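**Student:** Pasting in a structure now, in structure tokens, and then I'll have a few things to ask.
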Amino acid sequence: MSQSKDFFPAISTLAEQVDATDGSDVLDQAGGQDSVPLEEVESLCMRCEEQGVTRMMLTTIPFFGKVIVMSFRCEQCGATNNEIQSAGQIRQEGVLYTVKLLNRGDLDRQIIRSENCSIEIPEYELILPPSRGQLTTVEGLLRDVVIDLSTDQPLRKIQDEATYEKIQVIVDGLKAVIAEDEDEEADEDAERTPKEQRSDDEPVNPMITIKLDDPSGNSFIEFHGSQMGNDPKWNLRTFERTTQQNITLGLLAPDAESTVNSSGDPLQVPPGQGTDGNEEIYEFPGVCSRCNRPLITRMKKVTIPYFKDTLIMSTNCENCGYRDNEIKSGAAISALGKKITLKVEDREDLSRDILKSETSGMTIPEIDLVLQPGTLGGRFTTLEGILEQVYEELSEKVFRSGDSTTGGTEERAAFETFLKRLKEVKNAECPFTLILDDPLANSYIQNLYAPDPDPNMEIETYERTWEQNEELGLNDMKVEDYSGDEAAAQTPSVPET
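In this note's numbering, the protein residues as written are 717 to 1213.
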């Protein structure tokens, strides 16, 4: 164990050693030639075709794992390049990191980007496709994006002015985030360190969101605080990879591609091979609500064990990456409403399947969370998934509103405290109670003890009130004696004499 710790020193420790000694005795401190953390290899420079040097270091990133950092430099032409590769295994689940950039201190967050990671800035509808592995900061990433987008702007202005203007909006916005002033930086930056140039508490304008989506699970973005749950601006969600993602990562043979479409969704399976033969998928053309491009909405009927038939609708835009799913009941209207109360005690409960219909309200009394019917629409996911979505929706609201809302800074601080408690709940760091109240009884939480009763779950049925039936449009609904009503309507009235 001691050799492992010496062989994988923290990257901050090695950086301090290199700064203090110019790297000359780092090898000696590492324990001799047999355990050298730095390797130097001569490499061909792709710019001048002379020999450069690639340095490789095997190290660990706190709260992440082991990585190989590679840095190339050519002394002949000054070309430099750096890359990072994971030294561990592909993880069982993909990861999606979300960070809100509110102040200058957030620009110093460290980013580890694997070659399978795509990065999204939703405020500008900007998606960076998977590229080479990279070890940088948020500020470094944004500067690279500005440089890449600005390269061909003079030519675009001549050939395609509309595209030039759209890209320039993104460039100007990101420059404002990193506070880049081309006229002043040349004189001032040489004499001041980054910490002296700005205050960490200085707000970022405009505020933006950074999302790292990595199906391999080998990317990371730094959080602030001693624990992940203490940073309300930082969020991590794990997800199961699609078949197409497993093929891309080399975890499945290319032959498996015949069972999925271009979006990674399963193709139609002949009836009889699934539950009750409900494997037929219907497709409907539509328009993306984000980019207005044509897309396909897929609908499938599924049978949930110990519940009822349900229609699942999935939308996936291949142009901008927008995804959405919704559920509808495939059965008759229930005569009674249903209230489900679940006591969540550990992370195992977060894996329960949950179906929340669009008519169901959701409550967590411990943190005073109340979602009215219609919020989030219909969703079929896990308990962890729906809590994650609630967190994302609420964090988008508070961090985009700034201090302009009623109550200003105090209200915002209270909401951030609420988000911390919600993060503890969604990570099952404390026990809580989840209540689904659905007057149409179209909601469901998986019973882990089925067909026996679940000791942590209570299901109560009740008669709907007149007001509930009125809201659902059931009071004016008539499903019997149509012929009698039609005959009465066609019979002319005879005035009394």
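All C-beta atoms in this analysis are idealised placements derived from N, C-alpha and C, irrespective of residue type, glycine included.
Since the model is a prediction, treat every value here as computed from it, not as a measurement.
The alpha helix (DSSP H) with residue 870 in it runs from where to where?
**Tutor:** Note, residue 870: alpha helix (DSSP H), 869 to 875.
**Student:** Looking at C-beta atoms only, is the number of pairs between the region 927 to 941 and the region 801 to 817 that lie closer than 8 Å three or more?
**Tutor:** Judged by Cβ distances under 8 Å, the region 927 to 941 makes contact with the region 801 to 817, as three or more pairs qualify.
**Student:** Measure the C-alpha to C-alpha separation of residue 1109 and residue 1138 and round it to an integer number of angstroms.
**Tutor:** One C-alpha to the other measures close to 12 Å.
**Student:** Quick one: what's got a C-beta closer than 7 Å to residue 955's C-beta in the same chain, skipping five residues either side?
**Tutor:** The residues are 809, 810 and 812.
**Student:** Please return the same chain residues whose Cβ sits closer than 8 Å to the Cβ of residue 763, not counting the five positions on each side in sequence.
**Tutor:** Cβ within range, chain order: 790, 793 and 795.
**Student:** Pull up the distance between the alpha-carbon of residue 1016 and that of residue 996, whole angstroms please.
**Tutor:** Whole-angstrom Cα-Cα distance: 6 Å.
**Student:** Taking the alpha-carbon of residue 1059 as reference, which of 1005, 873 and 1081 has the nearest alpha-carbon?
**Tutor:** Out of 1005, 873 and 1081, 1081 has the C-alpha closest to the C-alpha of residue 1059.
**Student:** Compute the beta-carbon to beta-carbon distance between residue 687 and residue 823, rounded to the nearest angstrom, for a pair I have assumed lies under 8 Å.
**Tutor:** A query on residue 687 cannot be resolved here, the shown segment of the chain reaching from 717 to 1213 and no further.
**Student:** Helix, strand or coil: which one does DSSP assign to residue 918?
**Tutor:** It is coil, neither helix nor strand.
**Student:** For residue 949, does the count of other Cβ atoms within 10 angstroms reach 16, so buried, or fall short, so exposed?
**Tutor:** The residue in question, residue 949, is buried, as its Cβ has 16 or more Cβ neighbours within 10 Å.
**Student:** Applying the 10 Å Cβ sphere with the 16-neighbour rule, what's the burial state of residue 1075?
**Tutor:** Classification of residue 1075: buried, given that the 10 Å Cβ count is 16 or more.
**Student:** Quick one: residues in its chain with C-beta nearer than 8 Å to the C-beta of residue 807, no 5 flanking neighbours on either side, listed in chain order?
**Tutor:** Correct list, in chain order: 932, 933 and 934.
**Student:** Could you please give the first and the last residue of the uninterrupted beta strand (DSSP E) stretch that includes residue 1053?
**Tutor:** Counting along the chain, the beta strand (DSSP E) containing residue 1053 begins and ends at 1053 to 1060.
**Student:** Using 8 Å as the threshold, is the C-beta distance between residue 827 and residue 783 below it?
**Tutor:** No, these two residues do not count as a Cβ contact at 8 Å.
**Student:** Specify, as a first and last residue, the run of the beta strand (DSSP E) that residue 819 falls within.
**Tutor:** Its beta strand (DSSP E) spans residues 810 to 819.
**Student:** By Cβ distance below 6 Å, which residues in the same chain neighbour residue 798 in space, the five residues on each side in sequence not counted?
**Tutor:** The answer, listed in chain order, is 787.
**Student:** Please list, in chain order, all residues of the same chain as residue 883 whose beta carbon is under 6 Å from its beta carbon, the five residues on each side excluded.
**Tutor:** Closer than 6 Å at the Cβ level, and outside the excluded window around residue 883, lie 865.
**Student:** When every heavy atom of the ligand SAM is checked, does at least one fall within less than 7 Å of the C-beta of residue 869?
**Tutor:** Absent from the structure shown: the ligand SAM. Ligands present: none.
**Student:** Answer yes or no: do residue 754 and residue 773 have a C-beta to C-beta separation smaller than 8 Å?
**Tutor:** A contact, by the Cβ cut-off of 8 Å.
**Student:** Would the beta-carbon of residue 1142 fall within 8 Å of that of residue 1094?
**Tutor:** It is not a contact, given that the beta carbons lie outside the stated cut-off.
**Student:** The beta strand (DSSP E) with residue 1032 in it runs from where to where?
**Tutor:** Looking at the DSSP string, the run of the beta strand (DSSP E) that includes residue 1032 is 1025 to 1032.
**Student:** Kindly identify the DSSP beta-bridge partner or partners of residue 1086.
**Tutor:** Looking at the DSSP assignment, residue 1086 forms a beta bridge with 1079.
**Student:** Given a threshold of 16 other Cβ atoms within 10 Å of its Cβ, counted over all protein chains shown, does residue 747 qualify as buried or as exposed?
**Tutor:** In this prediction, residue 747 scores a pLDDT of 40, lower than 50, which makes its location untrustworthy; no coordinate-derived value is stated.
**Student:** Out of 1131, 1100 and 1039, which one is the CA nearest neighbour of residue 1011?
**Tutor:** For the residues 1131, 1100 and 1039, the minimum Cα distance to residue 1011 belongs to 1039.
**Student:** Round the Cβ separation of residue 1066 and residue 1100 to the nearest angstrom and send it over; I've been treating them as touching at under 8 Å.
**Tutor:** Contact flag correct, Cβ pair sits at about 4 Å.
**Student:** Thinking C-beta only, is residue 1085 closer than 8 Å to residue 1091?
**Tutor:** No, the Cβ-Cβ distance between residue 1091 and residue 1085 is not below 8 Å.
**Student:** Mind reading off the beta-carbon distance from residue 1063 to residue 1162? Whole number of angstroms is fine, and I expect it under 8 Å.
**Tutor:** The Cβ separation is near 15 Å, so there is no contact.
**Student:** On the three-state DSSP scale, how would you describe residue 908?
**Tutor:** For residue 908, the predicted model reports a pLDDT of 48, less than 50, meaning its position is unreliable and no value from the coordinates is stated.
**Student:** Whole angstroms are fine: how far does the CA of residue 1051 sit from the CA of residue 1169?
**Tutor:** Looking at the two C-alpha atoms, the distance is approximately 23 Å.
**Student:** Mapping DSSP to helix, strand and coil, what is residue 1181?
**Tutor:** Three-state result, residue 1181: coil.
**Student:** Relative to the alpha-carbon of residue 998, which residue among 1008, 1030 and 951 has its alpha-carbon at the smallest distance?
**Tutor:** For residue 998, the nearest C-alpha among the options comes from 1030.
**Student:** Do you know how far the Cα of residue 1104 is from the Cα of residue 953?
**Tutor:** When rounded, the distance between both Cα atoms is 7 Å.
**Student:** Going by alpha carbons, who is nearest to residue 1183 out of 825, 1140 and 1191?
**Tutor:** Ranking the options by Cα distance to residue 1183, first place goes to 1191.
**Student:** What residue from 1033, 785, 829 and 1181 has the CA that sits closest to residue 856's CA?
**Tutor:** Closest by alpha carbon: 829.
**Student:** Label residue 1049 either buried or exposed according to how many other C-beta atoms from any shown protein chain fall within 10 Å of its C-beta, with 16 as the threshold for buried.
**Tutor:** That one is exposed.
**Student:** Leaving out five residues before and five after residue 1001 in sequence, what residues of the same chain have Cβ atoms less than 7 Å from its Cβ?
**Tutor:** Hits under 7 Å: 1010 and 1012.
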